[in-house]
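*Asks:*
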Amino acid sequence: MSKIPHFTFDLDAPGVNTGHLFVPKGADCEALSLPVFSLNKGKGPRLLITGGCHGNELEGPIVARRIIDWLPGAQTCGRVIIVPELNPLAVQAWNRNTPIDGLNLNRVFPGRADGSVTERIADAVSRLLLPMADTVLDLHSFGPLWEFPPATTTHPIADADLMAKTLRMAEAFKLPMTLVWEHDDTPGMFDTFAQNQGKVFVCAELGGGTVGAEDLGIYEAGVRNALIALGLVEGEAEYPTFRQQKSSQTLETLTSDWLRSPARGIFEPRCSVLDEVKQGDLIGILHSMDSLSASSVDIRAPTRSVVCAVKSGLHVEANDGVALLGRPLNP
Ligand SMILES: [Zn+2]
């Protein structure tokens, strides 16, 4: 029993149940026990909420716990399974990747039973957790190095029907930004693995920078809105207030929309997320550390756009991303 992944409890039992997802030991480390919450109210939507895939994005684990506290008094049907930390080793290290094998959990799906620890976690999630859900909400954030608004994201999906369903689910959070995000083909993503099985998968990117109380309230409201839209909870969705505004916009961003640093130096942001900029507007300034007489370099918007993400003031290398721009989807 201890050689294969398993649940330590019966998830089919009615009501609230908690236990663990057991990930077997391997050559590199001991077995892991990932805490799992399950609330089974019979027939209805089957939802999986995960957080802590990346260890320096703790918005997800915190919001997941708030949802666990709220759900027993709110859920009226269906089943919700919540795993606040998919990768406890990365969370403990406050590191994006797992320290032991250096792997990014969101690049190794569906994992390997005889692989390194990150691959074994992915294998347990793929084989045991994912089959129990039709919808997955994976709670990430942009991490400590970025300013980023509370957002949900999806990537373009070839299946038009699944794309429409996924976009509707992402917009149901009613967070300030819903982002359809094109990027280069990246193997091993949890998103793609779930979508290839026809599941609706929304990646929430719950802000960036430091993790503060006001923003956590916005993120929790967004996840609650999603549960209302799924019909698991009764009630009216509300637009969370972000920077004095109650509004939501759907944007798209392409791989060519990254603005990159032309050299190494200290990046000074000169815009904020959700700013509307036109061609030539200042996005940031790059300061050389080699000489105070060297002139700083302005980084400007190449076209009319909305600022989706901007890097915090910090030292960057040449070609590092410093801002991500977007534009309204199908304006
Ligand atoms: Zn992440």
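Residue numbers (the numbering used here): 4 to 334. Here a beta-carbon is modelled for each residue, glycine too, at the ideal position from N, C-alpha and C.
(1) Bridge partners for Gly335 per DSSP, in chain order?
(2) Rank Glu174, Asp188, Ile103, Gly211 by C-alpha distance to the C-alpha of Arg110 and give the top, closest one.
(3) So does Leu80 have its beta carbon nearer than 7 Å to some heavy atom of ligand 1?
(4) Compare the Cα-Cα distances from Ser275 to each of Ser308, Ala297, Leu170 and report the closest residue.
(5) Any idea what DSSP makes of Asn228, helix, strand or coil?
(6) What would DSSP say about Phe12, mapped onto helix, strand or coil?
(7) Hey, which residues come within less than 6 Å of ligand 1, measuring from Cβ to any heavy atom, in chain order?
(8) Rounded to the nearest angstrom, what separates Pro272 and Ile231 at their Cα positions?
(9) DSSP three-state call for Arg49: helix, strand or coil?
(10) For Ser36, I'd like the list of residues in its chain whose CB is within less than 8 Å of its CB, leaving aside the five on either flank, ordered along the chain.
(11) Please specify which runs of the alpha helix (DSSP H), each continuous and at least 4 residues long, are wholly inside the region 122-167, giving them in chain order.
(12) Under the DSSP definition of a beta bridge, which residues are partnered with Cys206?
(13) My guess is that Ser259 and Val319 are in contact by the Cβ rule of under 8 Å, so how many angstroms apart are they, rounded?
(14) Quick check for students: name the residue ranges of the alpha helix (DSSP H) that lie wholly in the region 38-92, counting only runs of 4 or more.
(15) Alpha carbon to alpha carbon, how far is Gln400 from Glu237?
(16) Flag this pair as yes or no: are the beta carbons of Asp117 and Thr53 separated by less than 8 Å?
(17) Which residues bound the alpha helix (DSSP H) around Ala197?
(18) Are the Cβ atoms of Phe270 and Leu285 separated by less than 8 Å?
(19) Which same chain residues, not among the five before or five after Ala48, have their C-beta less than 7 Å away from its C-beta?
(20) If contacts are defined as beta-carbon pairs under 8 Å, then Asn90 and Ile124 qualify, I think. What distance do you get, rounded to the angstrom?
(21) Nearest by alpha-carbon distance to Arg303: which of Pro153, Gly287, Gly316, His57 is it?
(22) Is the beta carbon of Gly211 sitting closer than 8 Å to the one on Trp149?
(23) Quick check on DSSP: helix, strand or coil for Ala312?
(24) For Asp2, collect the residues of the same chain with a Cβ closer than 7 Å to its Cβ; drop the 5 residues on either side in sequence, then sort them by chain order.
(25) With three or more beta-carbon pairs closer than 8 Å as the criterion, would you say the region 146-166 touches the region 199-215?
(26) Whose C-alpha, out of Thr121, Val280, Thr244, Ala30, is nearest the C-alpha of Pro179?
(27) Quick check on the DSSP output: the beta strand (DSSP E) that includes Gly2 runs from which residue to which?
(28) Would Ile71 and Ile85 qualify as a contact pair, given that the criterion is a beta-carbon distance under 8 Å?
(29) Using the beta-carbon count (16 or more within 10 Å), is Arg171 buried or exposed?
(30) Taking C-alpha atoms, which residue in Ile221, Glu241, Ile160 lies nearest to Gln198?
(31) Any idea if Ile7 is buried or exposed, counting beta-carbon neighbours within 10 angstroms, 16 or more meaning buried?
(32) What's the gap between the Cα of Cys311 and the Cα of Ser144?
(33) Closer than 8 Å by C-beta to Glu174: which residues in its own chain qualify, once you throw out the five before and the five after it? Chain order, please.
*Replies:* Let me lay it out:
(1) What the structure shows of the chain is the stretch from 4 to 334, and residue 335 is not part of that stretch, so it cannot be assessed.
(2) Residue Asp188 is the option with its Cα nearest to Arg110.
(3) Reading the sequence as shown, one finds Cys at residue 80 and not Leu. No, since every heavy atom of ligand 1 falls outside the 7 Å radius drawn around the Cβ of Cys80.
(4) With distances taken between CA atoms, Ser275 lies nearest to Ser308 out of Ser308, Ala297, Leu170.
(5) helix
(6) coil
(7) So the residues near ligand 1 by this Cβ test are Cys56, His57, Glu60, His143.
(8) Taking C-alpha positions only, Pro272 is separated from Ile231 by approximately 37 Å.
(9) strand
(10) Thr11, His23, Leu24, Phe25, Val26
(11) none
(12) Asp141, Thr156
(13) The pair is not a contact, with the Cβ atoms about 19 Å apart (cut-off 8 Å).
(14) 62-73
(15) Given a span of 4 to 334 for the chain in the structure shown, any question on residue 400 remains unanswerable.
(16) no
(17) 193-198
(18) no
(19) Checking the sequence, you will find Pro at residue 48 rather than Ala. Around Pro48: Gly81, Asp137, Thr138, Leu233, Gly234, Leu235.
(20) 6 Å
(21) Gly287
(22) yes
(23) strand
(24) Outside the modelled stretch of the chain, which goes from 4 to 334, sits residue 2, for which no answer is possible.
(25) yes
(26) Thr244
(27) For residue 2 there is no data in the structure shown, the boundaries of the chain being 4 and 334.
(28) yes
(29) exposed
(30) Selected option, being the one with the closest Cα: Ile160.
(31) exposed
(32) It is roughly 13 Å from the alpha-carbon of Cys311 to the alpha-carbon of Ser144.
(33) Thr155, Thr181, Ser251, Thr253
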